[in-house]
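Chemist: Residue numbers (this note's numbering), protein chains in the order written: chain A, 1 to 322; chain B, 323 to 629. Before anything else, here's the structure in question.
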Amino acid sequence: MRTYVLSRIIQAFIMIIVAFVFSFFLFRIVPGDPTLAITGDPRLPLETKRMLYKMFGLDKPLHEQLLIFIINAFKGNLGISYQYKIPVTQLLLERLWNTLILLLPATLLSILIGIVMGMLAGWFRGKTMDTILTSLATLFWSTPSFWAGMFMIYLFAVRFHIFPTGGMMSYEVSYTDWWSSMSDFLHHLFLPMVTYAVIYSGQYALVLRNSLSEVLSEDYILLAEAKGCTEFQILRKHALKNASLPLVTMVGVNLGRLLLGSITIETVFTWPGVGRLVYEAVYYHDYPVLQGIFVFFITVTILLTVIVDILYTYLDPRVRLR
Amino acid sequence: MTSPTGQKIVSRIDLMRWRIKLYKKAFANFWDSFKQKKSGLLGLAVLIIMVVISAFPSIFAPYDPMEVVGLPFEPPSLAHPLGTDDVGRDMLSQLIYGTRTSIIIGFFAAFISFLIGIALGTLSGFYGGKLDDILMRITEFFLTIPSFPLMLVIAFILKPSIWNVMLAIAIVTWPQPVRVIRSEVFSLRERLYIKRARVIGNSNARILLKYILPKVFPLGLALMIVNVGWAIPSEAFLSWIGLGDPTHISWGMILYYAFGRGSFTVGAWWHFVPPGLMILLVIIAFTNLGRAMEEVLNPKLRKFETL
Numbered sequence: 001m002r003t004y005v006l007s008r009i010i011q012a013f014i015m016i017i018v019a020f021v022f023s024f025f026l027f028r029i030v031p032g033d034p035t036l037a038i039t040g041d042p043r044l045p046l047e048t049k050r051m052l053y054k055m056f057g058l059d060k061p062l063h064e065q066l067l068i069f070i071i072n073a074f075k076g077n078l079g080i081s082y083q084y085k086i087p088v089t090q091l092l093l094e095r096l097w098n099t100l101i102l103l104l105p106a107t108l109l110s111i112l113i114g115i116v117m118g119m120l121a122g123w124f125r126g127k128t129m130d131t132i133l134t135s136l137a138t139l140f141w142s143t144p145s146f147w148a149g150m151f152m153i154y155l156f157a158v159r160f161h162i163f164p165t166g167g168m169m170s171y172e173v174s175y176t177d178w179w180s181s182m183s184d185f186l187h188h189l190f191l192p193m194v195t196y197a198v199i200y201s202g203q204y205a206l207v208l209r210n211s212l213s214e215v216l217s218e219d220y221i222l223l224a225e226a227k228g229c230t231e232f233q234i235l236r237k238h239a240l241k242n243a244s245l246p247l248v249t250m251v252g253v254n255l256g257r258l259l260l261g262s263i264t265i266e267t268v269f270t271w272p273g274v275g276r277l278v279y280e281a282v283y284y285h286d287y288p289v290l291q292g293i294f295v296f297f298i299t300v301t302i303l304l305t306v307i308v309d310i311l312y313t314y315l316d317p318r319v320r321l322r
Numbered sequence: 323m324t325s326p327t328g329q330k331i332v333s334r335i336d337l338m339r340w341r342i343k344l345y346k347k348a349f350a351n352f353w354d355s356f357k358q359k360k361s362g363l364l365g366l367a368v369l370i371i372m373v374v375i376s377a378f379p380s381i382f383a384p385y386d387p388m389e390v391v392g393l394p395f396e397p398p399s400l401a402h403p404l405g406t407d408d409v410g411r412d413m414l415s416q417l418i419y420g421t422r423t424s425i426i427i428g429f430f431a432a433f434i435s436f437l438i439g440i441a442l443g444t445l446s447g448f449y450g451g452k453l454d455d456i457l458m459r460i461t462e463f464f465l466t467i468p469s470f471p472l473m474l475v476i477a478f479i480l481k482p483s484i485w486n487v488m489l490a491i492a493i494v495t496w497p498q499p500v501r502v503i504r505s506e507v508f509s510l511r512e513r514l515y516i517k518r519a520r521v522i523g524n525s526n527a528r529i530l531l532k533y534i535l536p537k538v539f540p541l542g543l544a545l546m547i548v549n550v551g552w553a554i555p556s557e558a559f560l561s562w563i564g565l566g567d568p569t570h571i572s573w574g575m576i577l578y579y580a581f582g583r584g585s586f587t588v589g590a591w592w593h594f595v596p597p598g599l600m601i602l603l604v605i606i607a608f609t610n611l612g613r614a615m616e617e618v619l620n621p622k623l624r625k626f627e628t629l
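Written out as structure tokens, the structure reads:
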């Protein structure tokens with residue numbers, strides 16, 4: 001067990017280094033003069049160019065640059081943003097909180113909706129209820145998140161004026177007490193959170209439904225029935241626990257899609273998080289920011305995958321034995 | 323074989339006839355089981371309609387999609403069934419021409435990853451060993467990296483054009499088909515008829531081309547269809563975020579303009595709702611079609627009933 005955990009951690013470490021090397025070379029393919037990208041002025045005198053090359057370490061040989069890049073990345077130094085002129089790490093950390101405030105409750109909510117839908121569909125499998133819920137889940141799963149965001153803003157903010165069109169707070173108002181600023185924040189949070197949760201609940205529902213209908217055909221469910229357990233008892237005590245195991249891997253595996261959701265939902269709702277930063281970096285051609293976020297995303301994904309894998313061995317004894 | 327040349331030709335033609343008969347029978351078998359899957363048939367119908375529309379957009383589109391033919395943000399009317407955009411271009415025509423671009427990008431991107439999947443998957447599964455090890459490590463790496471950020475970064479680094487969008491999508495999608503086809507070839511390699519073919523003296527290349535490739539080709543095709551259903555929304559995402567080709571109208575580009583010009587904040591729903599619905603339709607149709615094909619071809623999957 002311990003050797004497994006250790007080997008997974010070492011694997012992840014190697015993977016992260018490979019990813020750093022990969023992203024280093026990926027951003028080297030960029031055609032053109034880097035000094036042009038920094039200053040935006042093609043008439044730069046040669047000496048200034050040389051100075052800039054020296055300043056950013058571009059005069060060093062490639063392998064040395066790579067080494068510096070990796071060491072810096074591990075230290076948390078991801079360069080300086082062209083647009084904001086502050087360190088990328090600082091920018092990233094500032095935005096990260098906003099992203100987490102949105103994504104954590106949204107993900108929890110989506111898992112909750114997914115579990116309820118998947119449970120009902122799996123329980124009533126083959127019946128009308130199942131068809132309706134599976135179709136709905138497929139619909140949610142297929143909807144492009146950015147389009148859904150635009151649609152929700154149009155419907156609930158523009159048409160019916162129930163929620164604000166975007167942002168985290170109303171800028172024109174100043175609040176006297178904590179409660180009114182909190183309620184304003186929640187008012188802004190609601191629409192992006194629900195959009196995100198509904199879109200991503202579909203996949204959880206589909207996975208849970210499939211695994212539940214598989215588990216329900218197992219022998220021990222028949223035994224539970226024979227023992228005289230009520231339907232609810234079977235579902236709660238015997239079926240759901242085993243059926244929800246794939247959901248754990250789901251959360252880890254589908255992190256890529258979650259990151260996509262962070263980019264699209266935050267951009268549409270002008271939520272000042274990491275995802276919105278991606279959009280801004282693309283818009284302003286801010287290479288260091290994009291590279292920094294890319295490296296950050298990869299690292300987080302690899303780490304979370306390892307955590308989920310290790311967690312899985314604790315949850316599923318069948319895996320532990322191997 | 324030892325008889326005069328004339329007889330050899332006849333036998334060859336017979337062989338060909340026999341082979342055609344076999345293929346026909348295989349297709350009939352496939353169609354018989356496929357026919358029972360309603361979702362697959364529905365997906366096929368959508369696919370055919372989309373291909374027809376994108377083959378002859380000028381027949382279906384009432385106006386030139388780039389020409390200003392009305393007032394800005396005209397709501398839907400008889401003259402403009404889906405209204406006009408922010409400069410007064412006909413939305414229905416844009417949607418129809420957009421279908422063409424989106425379908426082409428989707429198919430080409432999926433086709434590239436299909437080719438890579440077939441090539442690397444068969445080689446890796448057939449030869450195994452070091453080659454397989456290295457390839458599997460690479461696919462593992464690509465499968466671990468979050469796909470959408472990677473696609474975005476590649477599209478960002480390359481210049482915005484439809485070819486680069488295709489390339490960015492293909493780079494992200496190729497590992498999946500490689501893995502599936504590899505494991506299929508892996509099991510095929512151990513089958514008796516392959517072993518027999520080897521014993522009677524067929525070379526590796528001949529076995530690959532004659533016996534393995536035709537077997538995995540349909541599965542690759544099914545995977546490709548699923549990938550088209552993935553590539554089209556990916557294109558939409560890239561275009562929407564500002565990395566699309568501004569010289570071609572696609573569903574994603576329409577959404578890009580709708581987002582940039584704030585159509586949804588002025589209430590012009592006809593500008594952004596139709597392309598989104600088209601994308602939704604395509605994803606559902608192609609995923610169901612691909613899965614239905616996969617289920618027919620790959621009996622292991624049959625227990626997972628899709629919608």
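Idealized CB from N, CA, C, for every residue including glycine.
Got a sec? Which residues, its chain only, sit under 8 Å from B/V487 by beta carbon, not counting five neighbours each side?
Modeler: I427, A431, A477, E557, L560, S561, L565, G566 and D567
Chemist: Could you check the C-alpha separation between B/N610 and B/I370 for me, to the nearest Å?
Modeler: 14 Å
Chemist: What separation, rounded to the nearest whole angstrom, lies between the Cα atoms of B/L629 and B/K359?
Modeler: In this prediction, B/L629 has a pLDDT of 32, which is less than 50 and means its spatial position is unreliable; what the coordinates show is noted afterwards. Cα to Cα, the separation comes out at about 10 Å.
Chemist: When the Cα of A/L26 is compared with those of B/A607, B/P471 and B/R339, which residue comes out closest?
Modeler: B/P471
Chemist: Could you name the residues of the stretch 269-302 of chain A whose beta carbon sits closer than 9 Å to any beta carbon of chain D, in the order they occur along the chain?
Modeler: Reference to chain D is not applicable here, since the protein chains of this structure are A and B.
Chemist: Should B/I576 be flagged as near chain A, meaning a C-beta pair shorter than 8 Å?
Modeler: no
Chemist: Strictly below 7 Å CB to CB, what residues from chain A border B/P555?
Modeler: P144
Chemist: Kindly say whether A/F20, judged by its beta-carbon, lies nearer than 8 Å to any beta-carbon of chain B.
Modeler: no
Chemist: Taking all protein chains shown into account, do 16 or more other C-beta atoms lie within 10 angstroms of the C-beta of A/S81, making it buried, or fewer, making it exposed?
Modeler: buried
Chemist: Quick check on A/D219: does DSSP put it in helix, strand or coil?
Modeler: helix
Chemist: Cα separation between B/M323 and B/R422?
Modeler: The predicted model places B/M323 with a pLDDT of 47, which falls under 50 and marks its position as unreliable, so this point remains unresolved.
Chemist: I'd like the list of long-range same chain contacts for A/T270, defined as Cβ closer than 6 Å, with 5 residues on each side in sequence excluded.
Modeler: G166 and G167
Chemist: Which residue marks the beginning of the alpha helix (DSSP H) containing B/V390, and which one marks its end?
Modeler: Counted as a single uninterrupted DSSP element, the stretch harbouring B/V390 is not any alpha helix (DSSP H), since DSSP gives it neither H nor E.
Chemist: Please compile the residues from chain B whose C-beta is within a distance smaller than 9 Å of the C-beta of A/R159.
Modeler: G589 and W591
Chemist: B/S469 versus chain A: which residues are under 7 Å apart at the beta carbon?
Modeler: For the C-beta of B/S469, the chain A residues within less than 7 Å are, from N- to C-terminus, G256.
Chemist: When burial is assigned at 16 or more other CB atoms within 10 Å of the CB, is A/F20 buried or exposed?
Modeler: buried
Chemist: For chain B, is any of its Cβ atoms less than 8 Å away from the one on A/Y4?
Modeler: no
Chemist: Look up A/R80 in the DSSP assignment and give the residues it is bridged to.
Modeler: Looking at the sequence shown, residue 80 of chain A is not Arg but Ile. Beta-bridge pairing links A/I80 to A/P87.
Chemist: With a cut-off of 8 Å, do at least 3 Cβ pairs link the stretch 180-192 of chain A to the stretch 214-229 of chain A?
Modeler: no
Chemist: Please identify the residue among B/L510, B/A348 and B/L417 whose C-alpha is closest to the C-alpha of B/S376.
Modeler: B/L417
Chemist: Could you check what DSSP says for A/T165 in three-state terms: helix, strand or coil?
Modeler: In the structure shown, A/T165 falls within a coil segment according to DSSP collapsed to helix, strand and coil.
Chemist: Determine the DSSP secondary structure at B/T406, reduced to helix, strand or coil.
Modeler: strand
Chemist: Given this structure, state the Cα-to-Cα distance separating B/F626 from A/E214, to the nearest angstrom.
Modeler: Residue placement at B/F626 cannot be trusted, given a pLDDT of 40 that sits under 50; what the coordinates show is reported in the next sentence. Taking the straight line from one Cα to the other gives about 9 Å.
Chemist: Taking the alpha-carbon positions, what's the A/L216 to B/D412 distance?
Modeler: 53 Å
Chemist: Using a 10 Å radius around the Cβ and a threshold of 16 neighbouring Cβ atoms, would you call B/L619 buried or exposed?
Modeler: Burial check for B/L619: the Cβ neighbour count within 10 Å reaches 16 or more, so the residue is buried.
Chemist: Is it the case that the stretch 284-299 of chain A contacts the stretch 84-104 of chain A, given that we only count it when at least three CB pairs across the two stretches are under 8 Å?
Modeler: yes
Chemist: Please list the terminal residues of the continuous alpha helix (DSSP H) segment that includes B/R592.
Modeler: The residue asked about is misnamed: residue 592 of chain B is Trp in this sequence, not Arg. Note, B/W592: alpha helix (DSSP H), W591 to L619.
Chemist: DSSP state of B/D412, grouped into three classes?
Modeler: strand
Chemist: What residues in its chain sit with their C-beta under 7 Å from that of A/S201, if we drop five residues either side in the sequence?
Modeler: S110, I113, G114, M117 and F140
Chemist: Am I right that B/F395 and B/V588 are in contact with their C-beta atoms under 8 Å? What's the rounded C-beta distance?
Modeler: 7 Å
Chemist: Is B/S483 helix, strand or coil when you go by DSSP?
Modeler: coil
Chemist: Let me check you understand the geometry: is the CB of A/W179 closer than 7 Å to at least one non-hydrogen atom of the ligand GDP?
Modeler: Looking at this structure, you won't find the ligand GDP or any other ligand, since it has none at all.
Chemist: B/A544 by DSSP, collapsed to three states: which one?
Modeler: helix
Chemist: Answer with yes or no whether the minimum CB distance from A/W123 to chain B is below 8 Å.
Modeler: no
Chemist: Among B/G410, B/V390 and B/G420, which residue has its Cα nearest to the Cα of B/S380?
Modeler: Answer by Cα proximity: B/G420.
Chemist: Tell me the DSSP secondary structure of B/M458 in three-state form.
Modeler: helix
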